[in-house]
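Following: one structure in structure tokens, then a few remarks.
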Amino acid sequence: MFYIKQARTKKALIIVVILSCLVLSGCMGPRGWPGIASEGEKLYVGTMGGTVVALNPEGGRLWEWEPPGEQGGSMIACSGGGQFRAGLLYGVPVVADGVVYVSSYNGRVYAVDTEYRADKWKYDTGSPIAGGVAVANNTVFVGCSDGKLYALEANVTTYEGRPKAGFKPFQTDDKIWSTPVVYDGTVYFGSLDQKLYAIDADTGELKWEFKAQGAIASTPLIVGDVVYIGAFDSRFYALDADTGEQKWVFEQADNWFWSQALYANGTIYACSLDHRVYAIEADTGELYSGWAEPFDAGSEIKSSPVIVGDVLVVATEEGEVFGLDVETGKSKWPNVVDLDAHVLAPIFASGGTVYINAQDNRLYTFEGATGRQNWSVPLSQ
Amino acid sequence: MPKTRNIVLLILLVLVFLFVGGFVSPIELFDIVILQPMLNFLILLTKVFFGSFGLAIIILTIIVRGVTIPLSLRQIRSTRAMQELQPKLKELQKKYAKDKEKLGPEIQKLYKEHGVNPFGCALPMLVQFPIWIGLYQSVIQGLGYAPENLIGLSKQLYSWSVIQEQVPLDSHFLGLDLGSGSLIMAILVAVSMWILQKMSSSPSADPSQQSMQRMLLWIMPLMFGFFALTFPSGLSLYWLLTNLISILVQYRVTGWGSLRIPSLATLRGGPPGPVRTPASTTGASESGGSDAGVVASQPEAAGADTTGGGKKPVVREASSRRKKVGHGKHRGKRKIRRRSR
Numbered sequence: 001m002f003y004i005k006q007a008r009t010k011k012a013l014i015i016v017v018i019l020s021c022l023v024l025s026g027c028m029g030p031r032g033w034p035g036i037a038s039e040g041e042k043l044y045v046g047t048m049g050g051t052v053v054a055l056n057p058e059g060g061r062l063w064e065w066e067p068p069g070e071q072g073g074s075m076i077a078c079s080g081g082g083q084f085r086a087g088l089l090y091g092v093p094v095v096a097d098g099v100v101y102v103s104s105y106n107g108r109v110y111a112v113d114t115e116y117r118a119d120k121w122k123y124d125t126g127s128p129i130a131g132g133v134a135v136a137n138n139t140v141f142v143g144c145s146d147g148k149l150y151a152l153e154a155n156v157t158t159y160e161g162r163p164k165a166g167f168k169p170f171q172t173d174d175k176i177w178s179t180p181v182v183y184d185g186t187v188y189f190g191s192l193d194q195k196l197y198a199i200d201a202d203t204g205e206l207k208w209e210f211k212a213q214g215a216i217a218s219t220p221l222i223v224g225d226v227v228y229i230g231a232f233d234s235r236f237y238a239l240d241a242d243t244g245e246q247k248w249v250f251e252q253a254d255n256w257f258w259s260q261a262l263y264a265n266g267t268i269y270a271c272s273l274d275h276r277v278y279a280i281e282a283d284t285g286e287l288y289s290g291w292a293e294p295f296d297a298g299s300e301i302k303s304s305p306v307i308v309g310d311v312l313v314v315a316t317e318e319g320e321v322f323g324l325d326v327e328t329g330k331s332k333w334p335n336v337v338d339l340d341a342h343v344l345a346p347i348f349a350s351g352g353t354v355y356i357n358a359q360d361n362r363l364y365t366f367e368g369a370t371g372r373q374n375w376s377v378p379l380s381q
Numbered sequence: 382m383p384k385t386r387n388i389v390l391l392i393l394l395v396l397v398f399l400f401v402g403g404f405v406s407p408i409e410l411f412d413i414v415i416l417q418p419m420l421n422f423l424i425l426l427t428k429v430f431f432g433s434f435g436l437a438i439i440i441l442t443i444i445v446r447g448v449t450i451p452l453s454l455r456q457i458r459s460t461r462a463m464q465e466l467q468p469k470l471k472e473l474q475k476k477y478a479k480d481k482e483k484l485g486p487e488i489q490k491l492y493k494e495h496g497v498n499p500f501g502c503a504l505p506m507l508v509q510f511p512i513w514i515g516l517y518q519s520v521i522q523g524l525g526y527a528p529e530n531l532i533g534l535s536k537q538l539y540s541w542s543v544i545q546e547q548v549p550l551d552s553h554f555l556g557l558d559l560g561s562g563s564l565i566m567a568i569l570v571a572v573s574m575w576i577l578q579k580m581s582s583s584p585s586a587d588p589s590q591q592s593m594q595r596m597l598l599w600i601m602p603l604m605f606g607f608f609a610l611t612f613p614s615g616l617s618l619y620w621l622l623t624n625l626i627s628i629l630v631q632y633r634v635t636g637w638g639s640l641r642i643p644s645l646a647t648l649r650g651g652p653p654g655p656v657r658t659p660a661s662t663t664g665a666s667e668s669g670g671s672d673a674g675v676v677a678s679q680p681e682a683a684g685a686d687t688t689g690g691g692k693k694p695v696v697r698e699a700s701s702r703r704k705k706v707g708h709g710k711h712r713g714k715r716k717i718r719r720r721s722r
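Note that the protein sequences, when read in sequence, are chains A and B.
Residue 129 in my numbering sits at position 129 of the first sequence, with consecutive numbering throughout.
Residue 689 in my numbering sits at position 308 of the second sequence, with consecutive numbering throughout.
Here it is in structure tokens:
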């Protein structure tokens, strides 16, 4: 039986519902992947709600800092980069001299006094920040989605932060989502314009730039006089830190390099989005012969790994955590740890303990040597 | 036709086998078969069209919508045929109100006589739906406006260097930042959606049906206008273009439908100026939209009908000011009476 009238009404309603679902299905708005920092025995952990929680070594909550005057995001978290104003955190907080520096996707950088848990200052760049900050020589460096690298005074007495005098914000041709690294008076950072830049930390003047074949979102690794960086062209580069000249390039990966690489005992450990962890000879760019083959984690590795003793700890996006022998690439833990939560934020390690800030807004801790889970705490109350 | 049907059946069988066998999940299959080819082609188009993602969105939308136009036409025609059968269906329902068992076969017979397939409007839509979603997802994923979106893109791209090198795509197009919401695009999307809704709505004597149509006429444009304001305007560009193409397709089949353009009708002797108000247009479409639509697409052949149908609301409002236009008013009434019979 076909009652056309009802059928048409139903059809209209179905179309509305389907279109709404269609629209919202494509809406994976920004959620953030906040990192972890520590000073002394205290841990400072970013939360999915855009706050920072201070914890003691047993996971006890000391205090929680909330960005002042946040109005939250748009009703649908699908708006473009320039419009979203919620205080989401992507970067790792940095602690220096009793101050936590936090960069937020709402475009602001906050300096929070760890003793009084009070805001020292804030600075609005006006553009979303999807990387962390670097602090050196009383200066905070941060890259923004407007393609600029800013330098801010770390110690200011006013509530409004201010740019560093004599430093002209450095403009690139695309978003800067990589966390800058300061080394020997030079700031190194990548941009989605496919270039790695080295600029003077005092003046912001360009020292050199290196053009890859794909965008750069990962944080550079600097060892001695070499800068190591992976790009979206599935290549991993070693560059001279003084000149930007290419020393070697590793081309065996099948997908982007997103996370920061690690260095230990002459070997670079780099995770690619092709699910593999590559151990590369730091001098030659060849695969490290101690590993029979690159380790295949089974799904994408988006978080930066850590090394605890002789264990390389790697987490996949799906929440599987592996402890690998840095010498052989074989599993060192008796079991693979399954967190049952997505992992995107960089892993953190301190005093033999591994900390993972998962996307379920929970902090998980393990013994680095064995993979045994210690404790986990929810980060929101 | 049977050959095509066999191919479709074969594809469906393979899909069922893959699902049931647990070889691949529906989402993975959708990604591999629809999303990835479309997304990578979109990025390739960006490369070809001077790195302009906006231009690539336009070209891909035109191509995809162009390929699915036969299905869209079939859907609209089937819907229209069903609408035309409605009076006869009502008669049957009235006639066999107490004999439900006989009603079904009679309705089937009616469909057969007129060569109408009741599922004719649903099937093409179902076939097109995955393609629309693929196109939509390609645009939103290609934009990579938030870190999560960009990193998610890595799963869908082919490892060809020509594609990898294009990411992230340039989000600037004609002064718009395709990664941010735009008021202009929101207005354009809402207006085009309203026009499409107005054109595709059919006249109905049923008050509940009318109120539903009226509600949809405003809800859809407002909803999509809001989405366009909130979502990246690259997506709005896709919506706008989709609406424009749908308007063209709709026009091809039904003409302007319920969307009367008073100026066309009234210019043939109706009073000029303030009487051609939007309010009067709405009145016209509610009383006899589809006729006007057919006429609008064939102005020479059906000029008299256009005047009668299209003028009525104009006259209704004008009659309070000018006696002279009363002639048109009667003609309009006659037409309504004729229809109601």
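We put the CB at the ideal spot given by N, CA and C, even for glycine.
Computed from a predicted model, the values in this text were never measured in an experiment.
1. Roughly how many whole angstroms lie between the Cα atoms of B/Y526 and B/Y492?
2. With a threshold of 16 other CB atoms inside 10 Å of the CB of B/S701, please say whether the residue is buried or exposed.
3. Tell me the rounded alpha-carbon separation between A/S127 and B/F430.
4. Assign B/W541 to buried or exposed, taking buried as 16 or more other Cβ atoms, counted over all protein chains shown, within 10 Å of its Cβ.
5. Going by beta-carbon coordinates alone, are A/S178 and A/A238 separated by less than 8 Å?
6. Taking the continuous alpha helix (DSSP H) assigned at B/A571, which residues delimit it?
7. Closer than 7 Å by C-beta to A/A270: which residues in its own chain qualify, once you throw out the five before and the five after it? Chain order, please.
8. Name the residues in the segment 453 to 483 of chain B whose C-beta lies less than 7 Å from a C-beta of chain A; which are they?
9. At which residues does the beta strand (DSSP E) containing A/A96 begin and terminate?
10. If we define contact as Cβ-Cβ less than 8 Å, is A/I76 a contact residue for chain B?
11. Give the straight-line distance between the Cα atoms of A/Q454 and A/G32, rounded to the nearest whole angstrom.
12. Contact criterion: CB-CB distance below 8 Å. Does B/E494 meet it with respect to chain A?
13. Taking A/S304 as the reference, which of A/G285, A/L344 and A/Y159 has the closest Cα?
14. Using the C-alpha atoms, what's the distance from A/A215 back to B/P549?
15. Starting from the C-beta of B/I457, find all residues in its chain whose C-beta is less than 6 Å away, skip the five residues before and the five after it, and write them out in chain order.
16. With DSSP run on the structure shown, which of helix, strand or coil describes A/A134?
17. May I have a chain-ordered list of the beta strand (DSSP E) segments no shorter than 3 residues that lie completely inside the segment 440 to 510 of chain B?
18. So, using beta-carbon positions, are A/T370 and A/V354 closer together than 8 Å?
19. Please confirm whether B/V497 has its beta-carbon closer than 8 Å to some beta-carbon of chain A.
20. Select from A/A165, A/G98 and A/N155 the residue whose C-alpha is nearest the C-alpha of A/E115.
21. What residue range does the beta strand (DSSP E) around A/N374 cover?
22. Taking the alpha carbon of A/D184 as the reference point, which residue from A/L196, A/T172, A/G190 and A/K207 has its own alpha carbon closest?
23. Quick check: is the beta carbon of B/A609 nearer than 8 Å to any beta carbon in chain A?
24. Going by the CB atoms, is the gap between B/I408 and B/V630 shorter than 8 Å?
25. So B/Y526 is in the beta strand (DSSP E); what residue range does that whole segment cover?
26. Would you say B/T688 faces chain A, with C-beta separation under 8 Å as the test?
27. Nearest CA to the CA of A/P169: which residue from A/G161, A/T157 and A/V142?
28. By the 9 Å beta-carbon criterion, what residues does the segment 404 to 420 of chain B contribute toward chain A?
29. Name the chain B residues that come within less than 7 Å of A/G98, Cβ to Cβ?
30. I'd like to confirm the pairing. Which residues does DSSP put opposite A/C271 in its beta bridges?
31. From what residue to what residue does the beta strand (DSSP E) around A/L63 run?
32. What residues of chain B sit near A/W256, judged by a beta carbon separation below 7 Å?
33. Going along the segment 227 to 252 of chain A in order, which residues come within less than 7 Å of chain B, judged by CB to CB distance?
A quick look at the data gives this:
1. Here the question's residue 526 of chain B lines up with position 145 in the second sequence. Here the question's residue 492 of chain B lines up with position 111 in the second sequence. Roughly 50 Å between the two C-alpha positions.
2. Residue numbering aside, residue 701 of chain B sits at position 320 when the second sequence is read from its first letter. Note that B/S701 scores 39 on pLDDT, short of 50, meaning its location in the model is unreliable; the coordinates nonetheless yield the value given after this. Exposed, by the Cβ-count rule.
3. If you number the first sequence from 1, residue 127 of chain A lands on position 127. If you number the second sequence from 1, residue 430 of chain B lands on position 49. The straight-line gap from Cα to Cα measures roughly 29 Å.
4. Mapped onto the second sequence, residue 541 of chain B falls at position 160. So B/W541 ends up on the exposed side.
5. The residue labelled residue 178 of chain A in the question sits at position 178 within the first sequence. The residue labelled residue 238 of chain A in the question sits at position 238 within the first sequence. No.
6. As a working mapping, residue 571 of chain B is identified with position 190 in the second sequence. Counting along the chain, the alpha helix (DSSP H) containing B/A571 begins and ends at L564 to S581.
7. Your numbering for residue 270 of chain A matches position 270 in the first sequence. Contacts found: G230, F236, F257, A261, Y278 and I280.
8. M463, Q467 and L470
9. Indexing the first sequence from 1 puts residue 96 of chain A at position 96. Element bounds for A/A96: V94 to A96.
10. By one-based count along the first sequence, residue 76 of chain A stands at place 76. Confidence in A/I76 is poor, its pLDDT being 45 and thus under 50, which makes the residue's placement unreliable; the coordinate value appears in the next sentence. So, interface residue.
11. Outside the displayed range of chain A (1 to 381) lies residue 454 of chain A, so it cannot be described from this structure.
12. As a working note, residue 494 of chain B is residue 113 in the second sequence. Cβ-Cβ to chain A under 8 Å: no for B/E494.
13. Working through the first sequence from its first residue, we reach residue 304 of chain A at position 304. The residue with the shortest Cα to Cα distance from A/S304 is A/L344.
14. As a first step, residue 549 of chain B is located in the second sequence; it is residue number 168 there, counting from the start. As a first step, residue 215 of chain A is located in the first sequence; it is residue number 215 there, counting from the start. Each residue's alpha carbon lies about 7 Å from the other.
15. Within the second sequence, the letter at position 76 stands for residue 457 of chain B. Answer for B/I457: V634, listed in chain order.
16. In the first sequence, counting from the first residue as 1, residue 134 of chain A sits at position 134. In this structure, A/A134 counts as strand in the three-state DSSP scheme.
17. none
18. As a first step, residue 370 of chain A is located in the first sequence; it is residue number 370 there, counting from the start. As a first step, residue 354 of chain A is located in the first sequence; it is residue number 354 there, counting from the start. No; because the gap between Cβ atoms is not below 8 Å, this pair is not in contact.
19. The count along the second sequence starts at 1 and reaches residue 497 of chain B at position 116. So, not an interface residue.
20. Against the first sequence, residue 115 of chain A aligns to sequence position 115. Among A/A165, A/G98 and A/N155, the Cα nearest to that of A/E115 is on A/G98.
21. Here residue 374 of chain A refers to the residue found at position 374 when the first sequence is read from its first residue. Run containing A/N374: Q373 to P378, per the beta strand (DSSP E) assignment.
22. The residue given as residue 184 of chain A occupies position 184 in the first sequence. Here the closest residue by C-alpha is A/K207.
23. Position 228 of the second sequence, counting from 1, holds the residue named residue 609 of chain B. No, because no Cβ of chain A sits closer than 8 Å to the Cβ of B/A609.
24. Position 249 of the second sequence, counted from the first residue, corresponds to residue 630 of chain B. Position 27 of the second sequence, counted from the first residue, corresponds to residue 408 of chain B. Against a cut-off of 8 Å, the Cβ pair of B/I408 and B/V630 comes out as no contact.
25. Working through the second sequence from its first residue, we reach residue 526 of chain B at position 145. Segment: none, B/Y526 is in no beta strand (DSSP E) and carries neither H nor E.
26. Numbered from 1 along the second sequence, position 307 holds the residue referred to as residue 688 of chain B. For B/T688, the pLDDT reaches just 34, beneath the cut-off of 50, and the residue's location in the model is therefore unreliable, leaving the point undetermined.
27. For this step, residue 169 of chain A is matched to residue 169 along the first sequence. Selected option, being the one with the closest Cα: A/V142.
28. none
29. Along the first sequence, read from residue 1 onward, the residue named residue 98 of chain A stands at position 98. Those within 7 Å of A/G98 in chain B number zero; the least Cβ separation is about 30 Å.
30. Along the first sequence, one-based indexing puts residue 271 of chain A at 271. According to DSSP, A/C271 bridges with A/V277.
31. To locate residue 63 of chain A, count along the first sequence from 1; it is residue 63. Leu is not the amino acid found at residue 63 of chain A; the sequence shown has Trp there. Taken as a continuous stretch (DSSP letters only), the beta strand (DSSP E) holding A/W63 covers R61 to W65.
32. As a position in the first sequence, residue 256 of chain A is number 256, starting the count at 1. Here the neighbours are S535.
33. F232, D233 and S234
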